[in-house]
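Undergrad: Going down the list, the protein sequences come from chains A and B. Residue 104 in this note's numbering sits at position 104 of the first sequence; the count goes up by one each step and never skips. To convert, count from 1 in the second sequence and add 1000; that's this note's numbering. Quick one: the structure is below, questions incoming.
2 protein chains.
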Amino acid sequence: MKQQPLVDEKIKAFENLCRERGLALTIQRRIILENLSSRYDHPTADQIYEAVKDQIRGVSRTTVYRVLETFVRLGVVAKVSNPHAKARFEADTVRHHHLICLDCNSVADCHDGRLDGIEVPTENCDGFEVRDFSIAITGLCSSCRREKTL
Amino acid sequence: MKQQPLVDEKIKAFENLCRERGLALTIQRRIILENLSSRYDHPTADQIYEAVKDQIRGVSRTTVYRVLETFVRLGVVAKVSNPHAKARFEADTVRHHHLICLDCNSVADCHDGRLDGIEVPTENCDGFEVRDFSIAITGLCSSCRREKTL
DNA sequence: CTCCGTGCAAAAGGTTTGCACTGGT
DNA sequence: ACCAGTGCAAACCTTTTGCACGGAG
Chain A
1 MKQQPLVDEK
11 IKAFENLCRE
21 RGLALTIQRR
31 IILENLSSRY
41 DHPTADQIYE
51 AVKDQIRGVS
61 RTTVYRVLET
71 FVRLGVVAKV
81 SNPHAKARFE
91 ADTVRHHHLI
101 CLDCNSVADC
111 HDGRLDGIEV
121 PTENCDGFEV
131 RDFSIAITGL
141 CSSCRREKTL
Chain B
1001 MKQQPLVDEK
1011 IKAFENLCRE
1021 RGLALTIQRR
1031 IILENLSSRY
1041 DHPTADQIYE
1051 AVKDQIRGVS
1061 RTTVYRVLET
1071 FVRLGVVAKV
1081 SNPHAKARFE
1091 ADTVRHHHLI
1101 CLDCNSVADC
1111 HDGRLDGIEV
1121 PTENCDGFEV
1131 RDFSIAITGL
1141 CSSCRREKTL
């Protein structure tokens, strides 16, 4: 689990954002953000639903989808690109990259300073205005690698 | 449109692959590959279906999905990661990167030599075995940018 | 001639939408 | 008290699957 302080910060920042914009700080939003902030994996909407349904009496899958969509729109969480159908989410908004396993489809984070300095062509590509970038590294995660050699 | 020679090469390579592996070179496979190889965008399975259904009498959506899956398995085309639900495909197998528009969700290619030299940490990340990588650059494409300033 | 590949229809997810109610501000 | 946010159910859309037929090797 991530350090509690990080989760608290995230929640606090979101509380402020809600106040600023007059958004309702509902139990659903709070617990979903709390859950997503405290995990390392990149859960799908459904996995988040499974995780929070015991904490929020009678929460619906629909709400999870809507809350996540709101978070994405606010820039509080990110939708992770991956080559599979399901959308995956993460609360880490610091620039980092993703290790995507070709075998088990898991998505792991990779914070590596060496990759931060990469210069993305800002002007060259047909007038495209660069906002951010992320590297998707595909390969085999350690556990799938282990299985292969067995 | 891409230069015709590129399409021809792609088809020829696929013909050889079929011969080698004893795969059937059906009209469906040929026309779908021809279509995907000749376009610059990153069409969804459905967009390809729309494009080829007039050329292949009575083709079914199912076939398009299955043919694309076959191509991906053979490494002839790639499934592009993007932060939206639908899978997108491309026939360009040379390493390159993607410009993803936050506004219109379009995916454009970016071949930039400066990005080819990037050293991805091969050993650091928890025993992950790196196979390949691709950079997803998010921002605004030129036409969406133009609209915004209007 | 033999199967692989296809078409059809139906199922299986994942995600979105309309509407009425409820809880946060 | 007002209205954004939620729950429910149903719709929607993409993708997958089972089965029988037909065409490529």
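Every residue gets a Cβ at the ideal spot worked out from N, C-alpha and C, and that includes glycine.
Considering only the alpha carbon of each residue, which of A:V94, A:D8, A:D103, A:E69 lies closest to A87 of chain A?
TA: Along the first sequence, one-based indexing puts residue 87 of chain A at 87. Closest by alpha carbon: A:E69.
Undergrad: Taking T1138 of chain B and D92 of chain A to be in contact with their CB atoms under 8 Å, please state how far apart those CB atoms are, rounded to whole angstroms.
TA: Taking the first residue of the second sequence as position 1, residue 1138 of chain B is located at position 138. Taking the first residue of the first sequence as position 1, residue 92 of chain A is located at position 92. 16 Å between Cβ atoms; not a contact.
Undergrad: Let's test the definition: count the other Cβ atoms within 10 Å of the Cβ of Y49 of chain A and tell me whether it reaches 16, buried, or not, exposed.
TA: Along the first sequence, read from residue 1 onward, the residue named residue 49 of chain A stands at position 49. By the 10 Å Cβ count, Y49 of chain A comes out buried.
Undergrad: Applying a beta-carbon distance threshold of less than 8 Å, which residues of chain A neighbour P1121 of chain B?
TA: By one-based count along the second sequence, residue 1121 of chain B stands at place 121. Residues of chain A passing the Cβ test: C110, D112, R114, L115.
Undergrad: Identify the continuous beta strand (DSSP E) that holds C18 of chain A and give its terminal residues.
TA: In the first sequence, counting from the first residue as 1, residue 18 of chain A sits at position 18. Per DSSP, C18 of chain A belongs to no beta strand (DSSP E); it is in the alpha helix (DSSP H), 4-21.
Undergrad: Along the chain, where does the alpha helix (DSSP H) that runs through T63 of chain A open and close?
TA: The residue labelled residue 63 of chain A in the question sits at position 63 within the first sequence. 61-74 is the extent of the alpha helix (DSSP H) around T63 of chain A.
Undergrad: Rounded to whole angstroms, what's the CA-CA distance from N16 of chain A to Q47 of chain A? Just pull it up for me.
TA: Counting from 1 along the first sequence, the entry for residue 16 of chain A is found at position 16. Counting from 1 along the first sequence, the entry for residue 47 of chain A is found at position 47. Going by the C-alpha atoms only, they are around 27 Å apart.
Undergrad: Between the beta-carbon of L33 of chain A and the beta-carbon of I1118 of chain B, is there less than 9 Å?
TA: The residue given as residue 33 of chain A occupies position 33 in the first sequence. The residue given as residue 1118 of chain B occupies position 118 in the second sequence. In this structure, I1118 of chain B does not lie closer than 9 Å to L33 of chain A by Cβ.
Undergrad: Where does V52 of chain A fall in DSSP's three states?
TA: Residue mapping note: residue 52 of chain A aligns to position 52 of the first sequence, counting from 1. Three-state DSSP puts V52 of chain A in a helix.
Undergrad: Kindly list the residues whose CB is nearer than 7 Å to the CB of V7 of chain A, restricted to its own chain and excluding five residues on each side of it in sequence; keep chain order.
TA: Counting from one through the first sequence, the residue named residue 7 of chain A turns up at place 7. Closer than 7 Å at the Cβ level, and outside the excluded window around V7 of chain A, lie E34, S37, S38.
Undergrad: List the residues of chain B whose Cβ lies closer than 8 Å to the Cβ of D103 of chain A, in chain order.
TA: Taking the first residue of the first sequence as position 1, residue 103 of chain A is located at position 103. Chain B residues near D103 of chain A: none, gap ~10 Å exceeds 8 Å.
Undergrad: Run the proximity test for Q4 of chain A: is its beta-carbon closer than 8 Å to any non-hydrogen atom belonging to the ligand PLP?
TA: Among the components of this structure there are no ligands whatsoever, and the ligand PLP is therefore not found.
Undergrad: From this set, A:F71, A:P83, A:G75, which residue's C-alpha is nearest V1072 of chain B's C-alpha?
TA: Translated into the one-based positions of the second sequence, residue 1072 of chain B becomes position 72. The option with the nearest alpha carbon to V1072 of chain B is A:P83.
Undergrad: Apply the 10 Å Cβ neighbour rule to H97 of chain A and answer buried if 16 or more other Cβ atoms are within range, or exposed otherwise.
TA: Counted from its first residue, the first sequence places residue 97 of chain A at position 97. The residue in question, H97 of chain A, is buried, as its Cβ has 16 or more Cβ neighbours within 10 Å.
Undergrad: Where DSSP assigns a beta bridge to G139 of chain A, which residues make up the other side?
TA: Position 139 of the first sequence, counted from the start, is the residue given in the question as residue 139 of chain A. Beta-bridge pairing links G139 of chain A to A:C101, B:V1130.
Undergrad: Which partner residues does N82 of chain A have in the DSSP bridge list?
TA: For the purposes of this step, residue 82 of chain A is identified with residue 82 of the first sequence, where counting begins at 1. N82 of chain A is bridged to B:N1082.
Undergrad: CB H1111 of chain B to CB V1080 of chain B, shorter than 9 Å?
TA: Residue mapping note: residue 1111 of chain B aligns to position 111 of the second sequence, counting from 1. Residue mapping note: residue 1080 of chain B aligns to position 80 of the second sequence, counting from 1. Contact flag unset, no.
Undergrad: Closer than 9 Å between beta carbons: that is the criterion. Which residues of the stretch 1031-1047 of chain B meet it against chain A?
TA: Listed by position, the residues of the stretch 1031-1047 of chain B near chain A (Cβ gap below 9 Å) amount to none.
Undergrad: What's the C-alpha gap between F128 of chain A and Q1055 of chain B?
TA: Residue mapping note: residue 128 of chain A aligns to position 128 of the first sequence, counting from 1. Residue mapping note: residue 1055 of chain B aligns to position 55 of the second sequence, counting from 1. Roughly 34 Å between the two C-alpha positions.
Undergrad: What did DSSP end up calling R146 of chain A once you bin it into helix, strand or coil?
TA: Here residue 146 of chain A refers to the residue found at position 146 when the first sequence is read from its first residue. Three-state DSSP puts R146 of chain A in a helix.
Undergrad: I'd like the list of long-range same chain contacts for C1125 of chain B, defined as Cβ closer than 6 Å, with 5 residues on each side in sequence excluded.
TA: Looking up residue 1125 of chain B in the second sequence gives position 125. The answer is none, since no qualifying residue turns up.
Undergrad: Counting contacts by CB-CB distance shorter than 9 Å, is N82 of chain A in contact with chain B?
TA: Walking along the first sequence from the start, residue 82 of chain A turns up at place 82. By this cut-off, N82 of chain A is an interface position.
Undergrad: Check distances from the C-beta atoms of the stretch 1045-1065 of chain B to those of chain A and list, in chain order, the residues that come in under 9 Å.
TA: The stretch 1045-1065 of chain B vs chain A, Cβ under 9 Å: nothing.
Undergrad: I think I1100 of chain B touches V1107 of chain B, with their Cβ atoms under 8 Å apart; what is that distance to the nearest whole Å?
TA: Stepping through the second sequence from its first residue, residue 1100 of chain B is reached at position 100. Stepping through the second sequence from its first residue, residue 1107 of chain B is reached at position 107. That belief holds up - the Cβ atoms of I1100 of chain B and V1107 of chain B are roughly 5 Å apart, short of 8 Å.
Undergrad: Please work out which residues of its chain come closer than 7 Å, Cβ to Cβ, to F14 of chain A, disregarding the five sequence neighbours upstream and downstream, and give them in chain order.
TA: Walking along the first sequence from the start, residue 14 of chain A turns up at place 14. The residues are L33, V76.
Undergrad: According to DSSP, is E1119 of chain B part of a helix, a strand, or is it coil?
TA: Locating residue 1119 of chain B in the second sequence gives position 119, counting from the first residue. It is coil, neither helix nor strand.
Undergrad: Just to confirm my understanding: we take K10 of chain A, look at its own chain, exclude 5 residues before and 5 after, and list those with CB closer than 7 Å. What are they?
TA: Working through the first sequence from its first residue, we reach residue 10 of chain A at position 10. So the list reads L33, S37, A91, once near-sequence residues are dropped.
Undergrad: Please report the straight-line C-alpha distance between F1089 of chain B and D1109 of chain B, rounded to a whole angstrom.
TA: For the purposes of this step, residue 1089 of chain B is identified with residue 89 of the second sequence, where counting begins at 1. For the purposes of this step, residue 1109 of chain B is identified with residue 109 of the second sequence, where counting begins at 1. So the alpha carbons of these two residues sit roughly 12 Å apart.
Undergrad: Mapping the DSSP letters down to three states, classify A1024 of chain B as helix, strand or coil.
TA: Taking the first residue of the second sequence as 1, we reach residue 1024 of chain B at position 24. Correct three-state label for A1024 of chain B: coil.
Undergrad: Give a yes or no on whether 9 Å exceeds the smallest Cβ distance from K1010 of chain B to chain A.
TA: Residue 1010 of chain B sits at position 10 when you count from the first residue of the second sequence. No, no contact with chain A.
Undergrad: Going by CA-CA distance only, name the one from B:A1085, B:L1074, B:I1027, B:T1044 that's closest to V1059 of chain B.
TA: Position 59 of the second sequence, counted from the first residue, corresponds to residue 1059 of chain B. Looking at the Cα atoms, B:I1027 is the closest of the given residues.
Undergrad: Applying the 10 Å Cβ sphere with the 16-neighbour rule, what's the burial state of T1062 of chain B?
TA: Locating residue 1062 of chain B in the second sequence gives position 62, counting from the first residue. The residue is exposed, with fewer than 16 neighbouring Cβ atoms inside 10 Å.
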